[in-house]
Amino acid sequence: MTETEIRAEYKRLADTIRYHMDRYYNDDRPEIEDSEYDALMLRLKDMEKEYPYLVTKDSPSQIIGGRTKREAGVNVEHDVPMLSIEDVFSREEVLSWVHEVKEMHKDAHFCVEHKIDGLSMSIRYTGGRLTLAETRGDGHIGEDVTANALVIPDVAVSLNGIDSDIELRGEVYMSHEAFDRVNERMELSGKRPFANPRNCAAGTLRQLDPSVVRERGLSMFIFNVQRASDPAYMTSHHEALKELEKAGVRVVPSYLCSTDEEILQAIDTIGGKRGDYPYDIDGAVIKIDEIAYREDFPAGSKYSAGHIAYKYPPEEKESVIRDIELSVGMTGRINPTAVFDPIRLCGTMVSRATLHNQDFISELGIGIGRTVVVYKSGEIIPKIKSVVAEKNPPGSGVYQIPAVCPVCGHAAVREEDTADIRCVNPSCKAKLTRRLINFVSRDAYDIKGFGEEYIKALIDRKYISDIADIFRLKERRDELVSDGIIGKEKNTDKLLGMIDESRKNPPERLLCGLSVENVGRTSARTIMRHFGSFEKLMAAPVSELTQVPDVGEITAVSLYEFFHDEGVIRLMEDLRSLGVNMETGDTESAGDAFAGRTYAVTGELVSFANRNELVDFVEKRGGRVAGSVSKKTYALINNDVNSTSGKNKKARELGIPIITEADLLSEAKE
263 MTETEIRAEY KRLADTIRYH MDRYYNDDRP EIEDSEYDAL MLRLKDMEKE YPYLVTKDSP
323 SQIIGGRTKR EAGVNVEHDV PMLSIEDVFS REEVLSWVHE VKEMHKDAHF CVEHKIDGLS
383 MSIRYTGGRL TLAETRGDGH IGEDVTANAL VIPDVAVSLN GIDSDIELRG EVYMSHEAFD
443 RVNERMELSG KRPFANPRNC AAGTLRQLDP SVVRERGLSM FIFNVQRASD PAYMTSHHEA
503 LKELEKAGVR VVPSYLCSTD EEILQAIDTI GGKRGDYPYD IDGAVIKIDE IAYREDFPAG
563 SKYSAGHIAY KYPPEEKESV IRDIELSVGM TGRINPTAVF DPIRLCGTMV SRATLHNQDF
623 ISELGIGIGR TVVVYKSGEI IPKIKSVVAE KNPPGSGVYQ IPAVCPVCGH AAVREEDTAD
683 IRCVNPSCKA KLTRRLINFV SRDAYDIKGF GEEYIKALID RKYISDIADI FRLKERRDEL
743 VSDGIIGKEK NTDKLLGMID ESRKNPPERL LCGLSVENVG RTSARTIMRH FGSFEKLMAA
803 PVSELTQVPD VGEITAVSLY EFFHDEGVIR LMEDLRSLGV NMETGDTESA GDAFAGRTYA
863 VTGELVSFAN RNELVDFVEK RGGRVAGSVS KKTYALINND VNSTSGKNKK ARELGIPIIT
923 EADLLSEAKE
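Heads up: the sequence shown runs through residues 263 to 932, numbered per our numbering.
Structure follows, in structure tokens:
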């Protein structure tokens, strides 16, 4: 590779890792599994070894991924930095590190411990009594969560027999039982359940209300003495843990080892039982027991000295497929889902996984009654990895998606050059339901109060057979009241009023609500700004459609074919006759102060009610808002200009100004 290519590859890799660090540490919503993240980090480290000049202070290999959060409480500086542990992925790497230690200290011993998958917390004790609990944050500054720590049963408020000053570090986690209980309550109250125990534990510890922490039932293991005024606790790690246990502290399970064989056996023992523990682990930590020896093996600014973490491969389990369910999306695409015997993966019970399409099913050889290996992508989304062929029952075969729609019974065909099988019936009830649910949603036509249950009931009772029928409902007002589908007079009139008011919506909301393939809210707005009316849009050839910013040939063809369908043409005529707004009025423009400018936005808003309102403000003045920062970005809008967010860092790297909403409003007046 050329020098330019090397730097470009390194930057792409570093940016990708920073993004996933932010999702894992700060948003508690990882998108890839640990093994994928680890592979990215290994590639980055390899590049840094080969090209040391690429390493900077803010390289992902040099920093900890967490940051403090406003909602968690008062920030506090750590007395002892709360750094990470360097990961290794093979037994050979473990032994290489052990041998390096023994070359310098032949009498060294090692503790092998469970690496609990939770959220790190340090606790300071003064005179044997708890005085402060703090989260890791960025490793140097964390959040004061003392009030929350006091309601965690495993946290000792005072230490029996210890009257000196000591700081302990441990892992706050949520047991499988507590997690299942919390998610059951979330579902009963209509709230979104947590993805896994770690996310739930992290979100809970950062709560401002200790009663929520108490109710959810967090647990904690102590795994290290950070500092102690009594030197007895800073000699042998294993002995220190034993003394802490006597003092009423719940310490992490561990094995004291001397030889290579003992260390590997401990790793295997922990790994072999990880499916049986009442909590999640994601590895085994190997520590030098003699604390004084640790400083001879510093690991840098990101990792603490004297220990490594062996990471187990992603957890996988076998299960038997009992059924394959088919559903139909709003474009008619048939979506297969495997239903298998329930298994626990990464702390949650799972029994379903998407099968994507027929190619995926055929390639893996998936069939009802067959045993499959299941894992979780990003430790969140269940996925099928493979079929255990030797366990295939006699007579079982590879599943074939039927050539008929599972909802309406009409023909289903595979589209040319794709793996998708779609129902071709334009009147399919499933397609209609999904299309109408999309149409009334907040991101599309935004008819407030028009929920999914109303859509389904109105279709079942034959009040609605297409989008235009929504605007005819007022003609059947008395029937609706009599049937009670929406409720009594007050509720019915309220919804009908919302529908009537929605006719004035800007035309981009109508375009977004029509479910044109590849056209979302942002592209719909751009398209309508360009054409100004549906009449011009529907008359445009593909060549003109591709001239619209961000509209490629695939989207252009989708638009052209959609608006040249006879049924759609009749629908648009119908909507026009019902008074639905189809033109961008003169009032849409507020000048050209932002003409030719592309903005990006991040952080909390103050002057605008929501992101869409800000986007409208910019676009009415000739500008546009992109979802990410690039060389084409004119400015990044963020009220916290000193934030270390990914977008702020990207803007600084590219020399793009970071402005506040106040700056934006001021520029609009110039």
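We put the CB at the ideal spot given by N, CA and C, even for glycine.
Problem set entry | Residues bridged to Arg684 (per DSSP) | Arg595, Val675
Problem set entry | Nearest-angstrom Cα separation, counted from Val487 out to Tyr555 | 15 Å
For this session: State the start and end residues of the unbroken alpha helix (DSSP H) segment that holds Tyr272.
Result: 265-283
For this session: Measure the Cβ-Cβ separation of Tyr517 and Ser481 and say whether it is below 8 Å.
Result: no
For this session: Compute the beta-carbon to beta-carbon distance between Ala490 and Ile428, rounded to the nearest angstrom, for a pair I have assumed lies under 8 Å.
Result: 4 Å
For this session: Would you decide whether His282 is buried or exposed? Buried here means 16 or more other CB atoms lie within 10 Å of its CB.
Result: buried
For this session: Whole angstroms is fine: what's the gap from Val778's alpha carbon to Ser820's?
Result: 7 Å
Problem set entry | C-alpha gap between Glu333 and Thr906, whole angstroms | Residue confidence is low: Glu333 scores 44 on pLDDT, short of 50, so the model does not pin down where it sits. Its coordinate-derived value is still stated next. About 17 Å.
Problem set entry | Residue of Tyr822, Ile570, Phe441, Val342 minimising C-alpha distance to Cys608 | Phe441
Exercise. DSSP state of Pro644, grouped into three classes?
Worked result: The answer is strand: DSSP assigns Pro644 an E or B state.
Problem set entry | Three-way DSSP call (helix, strand, coil) for Ser890 in this model | coil
Problem set entry | Phe485: first and last residue of the uninterrupted beta strand (DSSP E) it sits in | 481-490
Exercise. Does DSSP classify Thr895 as helix, strand or coil?
Worked result: Here Thr895 sits in coil by DSSP.
For this session: For Thr849, I'd like the list of residues in its chain whose CB is within less than 6 Å of its CB, leaving aside the five on either flank, ordered along the chain.
Result: With a pLDDT of only 43 at Thr849, under the threshold of 50, the placement of this residue in the model should not be trusted; the figure read from the coordinates follows. Hits under 6 Å: none found.
Problem set entry | Residue(s) in a DSSP beta bridge with Glu845 | Ser795
Exercise. In three-state DSSP terms, what is Ser658?
Worked result: coil
For this session: Compare the C-alpha of Glu578 against each of Met592, Lys647, Ser520 and name the closest.
Result: Across the set Met592, Lys647, Ser520, the C-alpha of Lys647 shows the shortest separation from the C-alpha of Glu578.
Problem set entry | His340: first and last residue of the uninterrupted beta strand (DSSP E) it sits in | Careful: His340 lies outside any beta strand (DSSP E) and carries neither H nor E.
For this session: Following the continuous alpha helix (DSSP H) through His438, name the residue where it begins and the one where it ends.
Result: 438-450
Exercise. What alpha helix (DSSP H) runs, 4 residues minimum, are completely inside the stretch 366-436?
Worked result: 408-411
Problem set entry | Closest Cα partner of Pro664 within the set Ser658, Pro656, Val675 | Val675
Exercise. Per DSSP, what kind of secondary structure is Leu588 in: helix, strand or coil?
Worked result: strand
Problem set entry | Alpha carbon of Phe856 to alpha carbon of Ser384, nearest angstrom | Those two C-alpha atoms are separated by around 49 Å.
For this session: Could you pull out every residue in the same chain whose Cβ sits closer than 7 Å to the Cβ of Val810, ignoring the five residues on either side in sequence?
Result: Thr788, Ile789, His792
Exercise. Measuring CA to CA, which of Phe372, Val474, Tyr572 is closest to His499?
Worked result: Phe372
For this session: Report the residue ranges of all alpha helix (DSSP H) runs contained in full by the stretch 507-589; include only those spanning at least 4 residues, in chain order.
Result: 522-534, 553-556
Exercise. Does DSSP put Ala706 in a helix, a strand or coil?
Worked result: Here Ala706 carries a coil assignment [DSSP, helix/strand/coil].
Exercise. Under three-state DSSP, which class holds Ala857?
Worked result: Of the three classes helix, strand and coil, the one that applies to Ala857 here is coil, per DSSP.
Problem set entry | Residue environment, Asp471, which counts as buried when at least 16 other CB atoms sit within 10 Å | exposed
Exercise. Do the stretch 389-400 and the stretch 419-428 make contact, defined as three or more Cβ pairs closer than 8 Å?
Worked result: yes
Exercise. Between which two residues does the beta strand (DSSP E) carrying Asn650 extend?
Worked result: Looking at the sequence shown, residue 650 is not Asn but Val. Taken as a continuous stretch (DSSP letters only), Val650 belongs to no beta strand (DSSP E), as it is neither H nor E.
Exercise. From this set, Thr860, Gly533, Thr593, which residue's C-alpha is nearest Glu677's C-alpha?
Worked result: Thr593
For this session: Classify Glu866 as helix, strand or coil using the three-state DSSP reduction.
Result: coil
Exercise. Going by alpha carbons, who is nearest to Ser613 out of Asp679, Asp603, Val317, Ile378?
Worked result: Asp603
Exercise. For Met834, is the classification buried or exposed, using 16 other Cβ atoms within 10 angstroms of its Cβ as the cut-off for buried?
Worked result: Buried, since its Cβ has 16 or more Cβ neighbours within 10 Å.
Exercise. Leaving out the 5 sequence neighbours to the left and right, which residues in its chain are closer than 8 Å to Val336 when beta-carbon positions are compared?
Worked result: Glu405, Asp406
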